[in-house]
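Let me begin by presenting the structure, written as structure tokens, before commenting on it.
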Amino acid sequence: MIRIADGLPLPGKWRAIESLKAALALRTHLTSTSIKIPGLAVLLFALVAAIAVTISHRPDAVFDAQFWAEDGKFWYADAHLIGPVHAALLPRDGYFQTISRLTAALSLLFPLGAAPYVFNIVAMFVQAAPAVLLVSPRMAPVIPSTTARWLLAFFYLAIPNSGEIHVNITNAHSHLALLAAMIILSARGESMRARAFDVGVLLLSGVSGLYCILLAPIAALTWNSRRTRWGLTMVLVVAAMATVQIVSLAVAPDTRVGGPLGPSIEGLARVVGGQVVLGTMIGTVGYRWIIEEGYGWLPLLASAVGAAVFVYGAICATRELRLFMLFAALVLAGALADPQVTATTPSRWNLLAIPDVGTRYYFLPS
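If you count the sequence shown from 1, position 267 lands on 266 in numbering that gives the first Met the number 0, and the numbers rise without skipping.
Structure (structure tokens):
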């Protein structure tokens with residue numbers, strides 16, 4: 000306990016108290032400064048490191064940028080021909096893909112030759128965002144180990160068998176979905192600024208792909224375990240976005256790929272064991288080598304190992320990890336129910352087991 004000398008006259012006591020208050024205020028200021036500045040520096044370092052790892056994975060995305068798939072054919076062309084506002088209101092393949100539309104609108108501010116760079120730069124920052132959030136203090140209650148969070152961030156950025164979603168805006172909604180899931184699972188008593196960020200990400204992710212439909216039950220289960228007012232708000236936001244996408248699927252023209260599915264137990268084992276398990280461990284090249292060398296039994300064995308790991312995680316993991324595993328399982332189930340791949344084989348499931356096909360579907364499960 001701090002005591003002011005009883006022998007001091009009253010004015011002296013007040014001066015001593017004021018001096019003590021000033022000293023405590025200075026100490027508080029220095030302490031808060033020493034916390035905030037390094038914290039911001041760590042996040043900036045994480046952003047720069049994430050972008051560096053992303054570029055090293057595919058240098059041509061920056062040094063020789065090109066339109067990827069729908070980038071030029073649909074997003075840029077629609078924004079240029081019918082205007083960015085009108086184009087932003089149009090669904091594609093039956094649902095809204097707003098992040099791609101907004102990026103195309105931004106690219107119109109630059110010459111045509113620079114447009115692919117705009118697309119890739121936006122996609123790069125979207126791809127880096129989950130890594131930055133993962134190493135931030137916000138994720139500490141979910142993953143207490145700082146080392147584990149940094150390792151997971153690196154694995155996320157360097158994950159193999161993910162060529163379809165690497166630095167392209169068309170599939171950036173996969174990274175947005177991961178970011179939205181992390182926001183929901185890590186939400187506690189956030190500041191107003193953090194809440195604005197949360198809502199912005201949930202809205203953008205929701206109108207940029209169909210993941211919000213599968214994320215809605217995850218948000219509801221998360222709220223049910225915590226019963227916070229902010230958690231309920233996030234449930235309502237995600238549910239509203241899911242409703243928008245479902246209505247769009249019901250009324251908008253559907254140009255998605257059809258064809259026979261050809262489901263089978265063996266096909267499921269090859270997709271899970273080959274694409275999710277082996278693809279994550281040894282990449283597309285390694286998985287292709289296994290198929291070409293005739294080791295077709297390895298994906299079947301890997302599927303059994305992957306299933307055992309999944310069951311172990313479902314039993315022993317934290318509530319947040321179990322909910323994330325459920326989200327990833329729903330994503331894979333949705334992909335298997337209606338994969339958008341052109342069937343050059345007797346069935347779409349057979350095609351899914353081929354290396355480097357449909358890798359966007361295996362990102363979250365991986």
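A virtual CB, placed ideally from N, CA and C, is assigned to each residue, including glycine. Keep in mind it's a predicted model, so treat the numbers as computed, not measured.
- In the structure shown, R57 adopts coil according to DSSP, grouped into three states.
- By the neighbour-count criterion, in which 16 or more other beta carbons inside 10 Å mark a residue as buried, F154 falls on the exposed side.
- DSSP places Y94 within a strand segment (E or B) once states are collapsed to three.
- Between L363 and A327, the alpha-carbon positions lie close to 5 Å from each other.
- The straight-line gap separating the alpha-carbon atoms of E163 and P143 is approximately 32 Å.
- The Cβ atoms of L220 and L175 do not sit closer than 8 Å to each other.
- Each of Y94, L300, V166 was checked against the Cα of D253, and the nearest Cα belongs to Y94.
- In the DSSP assignment, N349 falls within the alpha helix (DSSP H) that extends over 347 to 351.
- DSSP places G82 in the coil class of the three-state scheme, outside both helix and strand.
- In the DSSP annotation of this structure, the continuous segment of the alpha helix (DSSP H) that includes E291 starts and ends at 278 to 291.
- Going by beta carbons, V330 and G305 fall outside the 8 Å limit.
- Between the region 264 to 278 and the region 292 to 308, the count of C-beta pairs closer than 8 Å reaches three or more; the two stretches touch.
- Here I314 is exposed, its C-beta having fewer than 16 other C-beta atoms within 10 Å.
- Judged by DSSP in its simplified three-state form, G38 adopts helix.
- I245 sits in a helix when the DSSP states are folded into three classes.
- Taking a contact to require three or more Cβ pairs closer than 8 Å, the region 122 to 139 and the region 73 to 82 do not qualify as touching.
- The DSSP-derived three-state label of F109 is coil.
- Taking Y116 as the centre and dropping the five residues before and after it, the same chain places the C-beta of A64 closer than 6 Å to its C-beta, in chain order.
- Taken atom to atom, the span from the alpha-carbon of E189 to that of L231 is near 14 Å.
- CA-CA distance, T102 to M233, rounds to 25 Å.
- Inclusion of V166 and M138 in the CB contact set at 8 Å is not warranted, their separation being larger than that value.
- In this structure, V52 places its C-beta atom within 8 Å of the C-beta atom of A157.
- Per DSSP, reduced to three states, the secondary structure at G357 is coil, with no helix or strand assignment.
- Within the same chain, I164, G208, Y210, R359, F362, L363 come within 8 Å of S173 by CB-CB distance, once the 5 residues on both sides are set aside.
- Between A171 and I98, the C-beta gap is smaller than 8 Å, which places the two residues in contact.
- Annotated three-state conformation of D63 is coil, per DSSP.
- When DSSP states are grouped into helix, strand and coil, T227 belongs to the coil group.
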